[in-house]
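Colleague: What follows is a structure written as structure tokens; I'll ask about it next.
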Amino acid sequence: MNNQQMNEDLAPIPFRILKFCGWWRPLNMSTWRRAVYSCFTVIMLTLLVTITLTVLIGVTQMSATDDLFADNVFLMFALINSVFKATNVLLSRRRFIKMLEIVQDTRWRDLRNDEEIEIQDRYRKTIRKISVYFTTAVFVAIILRVVAPLLDLSDEIKLPVDAYCPCDIRHSSCYWTLYWHQALGTGVATLTHAAKDCLISALLLQTCAQLEILKNRLLSIADTCVVAGNKTGAADRVEKLEQKLIGDCVRDHESIFEFAKILNDSLNVMLFGQIAVTIPNLCLSIYLLSTQKIASMDFMMTTQFFSAVVIELFFFCWYGNEVTLNSLDVENAISEMDWTLLSTRSKKDLLMMMVRTSRPILFRVGPIMNMNIDSFLSIMKTSYSAFSVLQSTGD
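1419 is the number of the first residue of the sequence shown in this note's numbering; add one for each residue after it.
Set out below in structure tokens:
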């Protein structure tokens, strides 16, 4: 199965966006096409870095009392994070390919009954819904930011972003050059955020799906062996079937752990950078919300940014927590099996598997925390504590 088919099966929308932005080069390309796409990647990365630098310089030249200061600070952090995410995709390419290969392995693809098909379809629908909702919201945000300056009826000349301008925007050539630079740069950055966030959610949900399928297979072992025993009546054949089914479950569990480890290694540094950017964003937004008038334009804009940051963080922590809980449920599934119908050897194998499954799958954010609901609450509490310090300092 080629690389394009693997992408389509796992997360079609995120991979298409990453390919469009220049961060994901398909494997089935000729030499000259790879060279052209590599040049395209360099151009897009340069575009992303330059728009980030212009916003960064613009922020340093602004006063903290400017109306657009908070907007630009949020945008600056978002652009820095988008560069980080794009670089992470490029540097972690081999790991992502390895995960795609695991997903396409026969052990993951061959579903044994209608229950397993229902589980896989349910998670795929969830992945698709998340991708569609995120992408739609992103396109609306891009269009609003790009079109807003053109619809402004005031005499003031405006660009999509209030950033550093190396030339006089009163000249038509300078204005349109900067306009398209900012429009394309912010568009690529926003699409990168959406694609990477959707891809992370898809990979975490795929892990949950395989863990749930594994639980289903464990719980069906005893019944399968009983049916086989009633048909054949041969105890040795039933025991061989038990050993095969349990052995398959052990290998399934090892495969899931390998997938989760590669995923964690790929996202560890990126998630650490995400948290490093999220905390100051939350602190600033909470502080601004406490000082702005309710129902004012500034208040609504800050609320929008705050909601986006919280939802993004919540998604990562929620699905990371779901993976951990599902991995612990594997041990519960083993204990819920009807052990009285199994052979002594099978019971010993299951005991060994219980020892292995007692260690849950944890997604770490750098060296400091796990990606779960407790971490989400801790970050929110830390942000509120920082807000209290800022408020007391302001007073």
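Cβ atoms here follow ideal geometry from the backbone N, Cα and C, with glycine treated the same way.
1) For A1751 versus L1577, is the C-beta spacing smaller than 7 Å?
2) Is the Cβ-Cβ distance between N1790 and R1782 less than 7 Å?
3) Any contact between the stretch 1511-1521 and the stretch 1464-1482? By contact I mean 3 or more CB pairs, one from each, below 8 Å.
4) Alpha carbon to alpha carbon, what distance is there between N1634 and A1627?
5) Tell me which residues share the same chain as M1419 and place their Cβ nearer than 8 Å to its Cβ, disregarding the 5 neighbours each side in the sequence.
6) Closest to D1641 by CA distance: which of R1563, K1711, F1724, E1754 is it?
7) Report the residue from T1459, D1586, M1798, R1511 whose alpha carbon sits nearest the alpha carbon of A1704.
8) Going by DSSP, name the residue or residues bridged to M1755.
9) Note down, one range per segment and in chain order, each alpha helix (DSSP H) of at least 4 residues found wholly within the stretch 1679-1752.
10) Closest to R1542 by CA distance: which of A1613, E1676, S1619 is it?
11) Inspect the CB distances between the stretch 1456-1463 and the stretch 1543-1550 and report whether three or more fall short of 8 Å.
12) Thinking just about the alpha-carbon of each residue, which of R1511, V1491, T1468, R1763 is nearest to the one in L1445?
13) Restricting to runs no shorter than 3 residues, where is the beta strand (DSSP E) found entirely within the stretch 1614-1658?
14) Please confirm whether T1742 and A1678 have their CB atoms less than 7 Å apart.
15) Check whether the stretch 1690-1710 and the stretch 1497-1505 touch, using three or more Cβ-Cβ pairs below 8 Å as the test.
16) Quick one: Cα of T1468 to Cα of S1708, how far?
17) Assuming L1702 and V1491 make a contact with CB atoms under 8 Å, what is their CB distance in whole Å?
18) Ignore the nearest five residues each way along the sequence and tell me which others in M1494's own chain have a CB closer than 7 Å to its CB.
19) Determine the extent of the alpha helix (DSSP H) in which I1537 is found, giving its start and end residues.
20) How big is the Cα-Cα spacing for V1656 and N1506?
21) To the nearest angstrom, report how far apart D1532 and L1497 are at their CA atoms.
22) Assign N1788 to one of three DSSP states: helix, strand, or coil.
23) So for V1477, helix, strand or coil by DSSP?
Modeller: Answer, in terms of the structure:
1) Against a cut-off of 7 Å, the Cβ pair of L1577 and A1751 comes out as no contact.
2) No, Cβ-Cβ distance for N1790 and R1782 is not below 7 Å.
3) Not touching, per the Cβ criterion.
4) Approximately 11 Å between the Cα atoms of the pair.
5) Bear in mind that the predicted position of M1419 carries a pLDDT of just 48, short of 50, making it unreliable; the figure below should be weighed with that in mind. Cβ neighbours of M1419 beyond the five flanking positions: Q1522.
6) For the residues R1563, K1711, F1724, E1754, the minimum Cα distance to D1641 belongs to E1754.
7) The sequence as given places Ile at residue 1704; Ala does not occur at that position. Checking every option, the nearest Cα to that of I1704 belongs to M1798.
8) Beta-bridge pairing by DSSP links M1755 to no other residue.
9) List check, alpha helix (DSSP H) in window: nothing returned.
10) Check the Cα spacing between R1542 and each of A1613, E1676, S1619: the tightest is with S1619.
11) A contact between stretches requires three or more CB pairs, one per stretch, nearer than 8 Å, and the stretch 1456-1463 fails this requirement with the stretch 1543-1550.
12) Per the C-alpha coordinates, the member of R1511, V1491, T1468, R1763 positioned closest to L1445 is R1511.
13) Listed in chain order, there is nothing to give.
14) In this structure, T1742 lies away from A1678, with their beta-carbon atoms at least 7 Å apart.
15) Contact between the stretch 1690-1710 and the stretch 1497-1505 is present, because at least three Cβ pairs lie under 8 Å.
16) Cα to Cα, T1468 sits roughly 33 Å from S1708.
17) That pair is a contact at about 6 Å.
18) The beta carbon of M1494 lies closer than 7 Å to those of V1473, L1474, V1477 in the same chain, with the five residues before and after it left out.
19) 1532-1569 is the span of the alpha helix (DSSP H), which, as asked, contains I1537.
20) Approximately 49 Å, taken between the alpha carbons.
21) In this model, D1532 and L1497 are separated by some 45 Å (Cα to Cα).
22) Here DSSP, grouped into helix, strand and coil, assigns N1788 to strand.
23) Three-state result, V1477: helix.
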